[in-house]
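Trainee: Numbering (my numbering), first residue to last: 279 to 876.
Please read through the structure below; I'll follow up with questions.
Written out as structure tokens, the structure is:
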């Protein structure tokens with residue numbers, strides 16, 4: 279491939295010029311607010327249809343509602359980018375509150391429409407599903423109908439949505455505000471630095487154990503200092519959610535996340551059941567890693583530590599070229615798409631202070647573009663993360679031909695496309711190594727992901743389910759949250775780690791996100807589900823490309839059980855399906871243990 283130079287800072291001006299002071303954004307928000315008020319009035323006047331002849335009018339309202347939703351999401355995505363690139367951008371935080379209120383108003387209005395629509399007589403309903411403009415939305419419309427029948431009255435649901443702005447969502451925003459102002463002082467290579475918690479977290483994979491321990495201790499102290507505040511944010515967020523569930527008559531705290539992920543309880547149970555039965559090889563990996571670090575057992579701050587120095591360092595341009603080369607082998611269309619993302623400044627990758635931790639991909643529905651956020655420092659792990667986020671973006675791109683309402687895929691299948699892309703690059707990196715040391719380092723990096731999905735995510739799931747059960751009986755203090763975290767981590771890691779991170783409940787953003795409840799198990803689902811897809815891609819190469827795109831295009835218009843049966847011929851409510859993916863990961867363990875054997 280020809281050598282090039284890609285921008286490391288994203289282009290946001292193409293959406294709204296001027297950042298958080300953008301006049302274009304101001305006009306967009308004001309116009310959207312006016313349009314939303316008009317739409318809300320139409321929904322208010324809407325009455326349950328009594329004739330199939332009203333299908334055209336129903337379709338028109340759905341289209342208008344979808345368009346306004348896109349305008350809200352366009353602004354929301356832009357503001358998310360502003361908040362991520364500069365955590366001190368207080369104007370962006372103010373704008374976030376405004377968009378949250380718009381979203382809540384829209385949600386209440388649209389929910390009112392859906393509830394009235396759901397009361398349609400069965401014969402009329404079936405007629406709607408056969409109408410030219412509505413037939414392609416059969417799955418989504420039936421999903422609305424089922425959901426509406428399990429909710430409270432129209433007025434009660436509207437009140438919940440309204441109160442959530444300064445209640446439910448406000449607690450999540452409060453958490454982000456507190457974290458955004460936190461810093462820790464650490465000494466690295468003789469230089470004292472003041473770092474954001476995101477920058478400090480990156481040092482937990484530092485090759486020097488003294489640096490790792492110092493950073494870990496400083497972070498734990500920082501989270502401990504504010505744990506009473508975080509106990510409040512988490513408890514009140516959960517309390518709001520549980521009260522809504524109680525009013526609706528929902529006793530199972532997993533009902534909402536399972537419904538959102540279009541997934542059965544049997545599927546979730548089968549996945550965790552298979553993982554729990556097959557953890558021993560990953561325990562062996564952790565013990566071998568401890569041995570290589572000169573320890574009997576790993577400490578928590580050693581989990582991300584390298585046992586081999588990986589000499590493979592790639593500049594951003596080199597990392598981009600590596601990704602494009604290996605995407606091309608599986609999907610030329612994905613490679614072409616990713617090339618556009620690199621060239622047109624869709625990616626914020628610069629390594630600088632003030633950015634929020636982690637990485638994400640967000641979509642701009644009106645522009646039909648995505649933006650990717652991460653901090654790139656040259657490691658092969660960074661390259662894999664970049665590929666992961668490009669997988670998210672490609673998923674959105676693949677859905678462009680389908681109706682906008684059939685693009686709203688859930689988190690579990692969202693992680694499928696991203697993890698598939700990440701695997702392509704991670705496997706290619708292992709195969710491209712020239713030394714045994716580099717091979718060990720990259721295999722270890724790959725296995726770290728398996729440990730994360732099978733153990734770390736499992737610990738989050740165990741903690742959260744137990745916390746919610748206790749929260750039903752009242753406020754859970756920070757001391758008890760620490761205990762629940764410790765218990766969950768020891769169980770999930772099979773006691774293979776000497777220490778735990780009792781502050782994990784406070785330092786993990788995912789517990790405080792209000793947009794998606796139980797932001798944990800979908801990651802593991804996506805990881806194992808994508809392994810099956812990857813296995814097919816390995817067999818068929820570029821011949822699998824069109825089948826892969828067809829699968830992605832179905833991700834928002836059927837349950838995951840039906841998706842797997844249609845495209846993979848597999849029953850994912852059985853442990854046998856999940857065991858196939860786990861076996862592929864166990865092969866990595868075997869290879870790693872052989873390479874590191876004395």
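We put the beta carbon where it would ideally sit given N, CA and C, even for glycine.
Quick check: what's the CA-CA separation for residue 506 versus residue 762?
Mentor: Translated into the one-based positions of the chain shown, residue 506 becomes position 228. Translated into the one-based positions of the chain shown, residue 762 becomes position 484. Between residue 506 and residue 762, the C-alpha separation is close to 16 Å.
Trainee: So, does the stretch 748 to 756 touch the stretch 496 to 513, judging by three or more C-beta pairs under 8 Å?
Mentor: Yes: at least three Cβ pairs fall under 8 Å.
Trainee: DSSP has residue 641 in a bridge; who is on the other side?
Mentor: Sequence index remark: in the chain shown, residue 641 carries index 363 (1-based). Looking at the DSSP assignment, residue 641 forms a beta bridge with 648.
Trainee: Between the C-alpha atoms of residue 856 and residue 314, what's the straight-line distance to the nearest angstrom?
Mentor: Reading the chain shown from its first residue, position 578 is the one you call residue 856. Reading the chain shown from its first residue, position 36 is the one you call residue 314. Going by the C-alpha atoms only, they are around 44 Å apart.
Trainee: Report the residue ranges of all alpha helix (DSSP H) runs contained in full by the stretch 285 to 355; include only those spanning at least 4 residues, in chain order.
Mentor: Counting whole runs of 4 or more residues, the stretch 285 to 355 contains the alpha helix (DSSP H) stretches 301 to 323.
Trainee: Specify the secondary structure class of residue 531 as computed by DSSP and reduced to three states.
Mentor: The count along the chain shown starts at 1 and reaches residue 531 at position 253. Three-state DSSP puts residue 531 in coil, outside helix and strand.
Trainee: If you check the beta carbons only, do residue 640 and residue 358 fall under 9 Å apart?
Mentor: Here residue 640 is taken as the residue at index 362 of the chain shown, counted from 1. Here residue 358 is taken as the residue at index 80 of the chain shown, counted from 1. Against a cut-off of 9 Å, the Cβ pair of residue 358 and residue 640 comes out as a contact.
Trainee: Would residue 833 and residue 598 be called neighbours here (beta carbons separated by less than 9 Å)?
Mentor: The sequence position of residue 833 within the chain shown is 555, counting from 1. The sequence position of residue 598 within the chain shown is 320, counting from 1. Going by C-beta atoms, residue 833 is not nearer than 9 Å to residue 598.
Trainee: With distances taken Cα to Cα, identify the nearest neighbour of residue 339 among 876, 841, 758 and 683.
Mentor: Your numbering for residue 339 matches position 61 in the chain shown. Considering only alpha carbons, the answer is 683.
Trainee: Is it the case that the Cβ atoms of residue 434 and residue 496 are separated by a distance below 9 Å?
Mentor: The residue you call residue 434 lines up with position 156 of the chain shown. The residue you call residue 496 lines up with position 218 of the chain shown. No, they are not a contact pair.
Trainee: Report the residue from 734, 789 and 732 whose alpha carbon sits nearest the alpha carbon of residue 759.
Mentor: In the chain shown, counting from the first residue as 1, residue 759 sits at position 481. Ranking 734, 789 and 732 by Cα distance to residue 759 puts 789 first.
Trainee: With distances taken between CB atoms, is the gap from residue 838 to residue 680 smaller than 9 Å?
Mentor: If you number the chain shown from 1, residue 838 lands on position 560. If you number the chain shown from 1, residue 680 lands on position 402. Their beta carbons are not under 9 Å apart, which means residue 838 does not touch residue 680 by this criterion.
Trainee: May I ask you to verify whether the stretch 603 to 612 touches the stretch 690 to 708, counting CB pairs closer than 8 Å and requiring at least 3?
Mentor: The stretch 603 to 612 vs the stretch 690 to 708: in contact.
Trainee: Got a sec: does the ligand FAD put a non-hydrogen atom nearer than 8 Å to the Cβ of residue 690?
Mentor: Looking at this structure, you won't find the ligand FAD or any other ligand, since it has none at all.
Trainee: Could you give the distance in angstroms between the alpha-carbon of residue 361 and the alpha-carbon of residue 694?
Mentor: Taking the chain shown and counting its residues from 1, the one referred to as residue 361 is at position 83. Taking the chain shown and counting its residues from 1, the one referred to as residue 694 is at position 416. Distance between the alpha carbons of residue 361 and residue 694: 26 Å.
Trainee: Which two residues bound the contiguous alpha helix (DSSP H) that contains residue 464?
Mentor: Numbered from its first residue, the chain shown carries residue 464 at position 186. Not the alpha helix (DSSP H): residue 464 falls in the beta strand (DSSP E), residues 461 to 466.
Trainee: Alpha carbon to alpha carbon, how far is residue 765 from residue 577?
Mentor: Looking up residue 765 in the chain shown gives position 487. Looking up residue 577 in the chain shown gives position 299. Cα-Cα distance, rounded: 16 Å.
Trainee: At the level of alpha carbons, what is the spacing between residue 871 and residue 579?
Mentor: Here residue 871 refers to the residue found at position 593 when the chain shown is read from its first residue. Here residue 579 refers to the residue found at position 301 when the chain shown is read from its first residue. Roughly 22 Å between the two C-alpha positions.
Trainee: For the beta strand (DSSP E) containing residue 633, name the first residue and the last one.
Mentor: Indexing the chain shown from 1 puts residue 633 at position 355. No beta strand (DSSP E) contains residue 633, which DSSP labels as neither H nor E.
Trainee: Which runs of the alpha helix (DSSP H), 4 residues or longer, sit entirely within the stretch 780 to 850?
Mentor: Runs of the alpha helix (DSSP H) inside the stretch 780 to 850: 782 to 785, 799 to 818, 823 to 831 and 838 to 846.
Trainee: Comparing C-alpha positions only, which one of 406, 347 and 403 sits nearest to residue 384?
Mentor: Walking along the chain shown from the start, residue 384 turns up at place 106. Measuring from the Cα of residue 384, the nearest candidate turns out to be 347.
Trainee: Among 530, 860, 867 and 852, which residue has its Cα nearest to the Cα of residue 725?
Mentor: By one-based count along the chain shown, residue 725 stands at place 447. Ranking 530, 860, 867 and 852 by Cα distance to residue 725 puts 867 first.
Trainee: Can you list the beta strand (DSSP E) stretches of 3 or more residues lying completely in the stretch 663 to 729, in chain order?
Mentor: If we require 3 residues or more, the stretch 663 to 729 turns out to have no beta strand (DSSP E) run fully inside it.
Trainee: Measuring CA to CA, which of 518, 865, 775 and 608 is closest to residue 815?
Mentor: Locating residue 815 in the chain shown gives position 537, where the first residue counts as 1. Per the Cα distances, 608.
Trainee: Whole angstroms are fine: how far does the CA of residue 657 sit from the CA of residue 307?
Mentor: Position 29 of the chain shown, counted from the start, is the residue given in the question as residue 307. Position 379 of the chain shown, counted from the start, is the residue given in the question as residue 657. Roughly 40 Å separates the two Cα atoms.
Trainee: With a threshold of 16 other CB atoms inside 10 Å of the CB of residue 756, please say whether the residue is buried or exposed.
Mentor: Taking the first residue of the chain shown as 1, we reach residue 756 at position 478. It counts as buried.
Trainee: Give a yes or no on whether the C-beta atoms belonging to residue 595 and residue 284 are separated by under 9 Å.
Mentor: Translated into positions along the chain shown, residue 595 becomes position 317. Translated into positions along the chain shown, residue 284 becomes position 6. Cβ distance < 9 Å, so residue 595 and residue 284 count as in contact.
Trainee: If you drop the 5 nearest sequence neighbours on each side, which residues of the same chain put their C-beta closer than 7 Å to that of residue 560?
Mentor: As a first step, residue 560 must be located in the chain shown, where it is residue number 282. Contacts found: 728, 729, 732, 733 and 867.
Trainee: Going by C-alpha to C-alpha distance, which of 667, 563 and 817 sits closest to residue 772?
Mentor: If you number the chain shown from 1, residue 772 lands on position 494. It is 563 whose Cα lies nearest to the Cα of residue 772.
Trainee: Please classify residue 392 as buried or exposed, where buried requires at least 16 neighbouring CB atoms within 10 angstroms.
Mentor: The count along the chain shown starts at 1 and reaches residue 392 at position 114. Counting Cβ neighbours within 10 Å, residue 392 comes out buried, since at least 16 surround it.
Trainee: State the DSSP-derived secondary structure class of residue 428, mapped to helix, strand or coil.
Mentor: Against the chain shown, residue 428 aligns to sequence position 150. Three-state DSSP puts residue 428 in coil, outside helix and strand.
Trainee: Please report the straight-line C-alpha distance between residue 409 and residue 403, rounded to a whole angstrom.
Mentor: Walking along the chain shown from the start, residue 409 turns up at place 131. Walking along the chain shown from the start, residue 403 turns up at place 125. Cα-Cα distance, rounded: 10 Å.
Trainee: Roughly how many angstroms lie between the CA atoms of residue 876 and residue 774, to the nearest whole one?
Mentor: Counting from one through the chain shown, the residue named residue 876 turns up at place 598. Counting from one through the chain shown, the residue named residue 774 turns up at place 496. Cα to Cα, residue 876 sits roughly 21 Å from residue 774.
Trainee: On a Cα-Cα basis, can you pick out the residue from 676, 483, 416 and 519 that is closest to residue 443?
Mentor: What you label residue 443 is simply residue 165 of the chain shown in a count that begins at 1. Ranking the options by Cα distance to residue 443, first place goes to 519.
Trainee: Span of the alpha helix (DSSP H) holding residue 375?
Mentor: The residue you call residue 375 lines up with position 97 of the chain shown. It spans 368 to 396 - the alpha helix (DSSP H) in which residue 375 sits, taken as one unbroken run.
Trainee: Taking buried to mean at least 16 other C-beta atoms within 10 Å of its own C-beta, is residue 819 buried or exposed?
Mentor: Along the chain shown, one-based indexing puts residue 819 at 541. So residue 819 counts as exposed.
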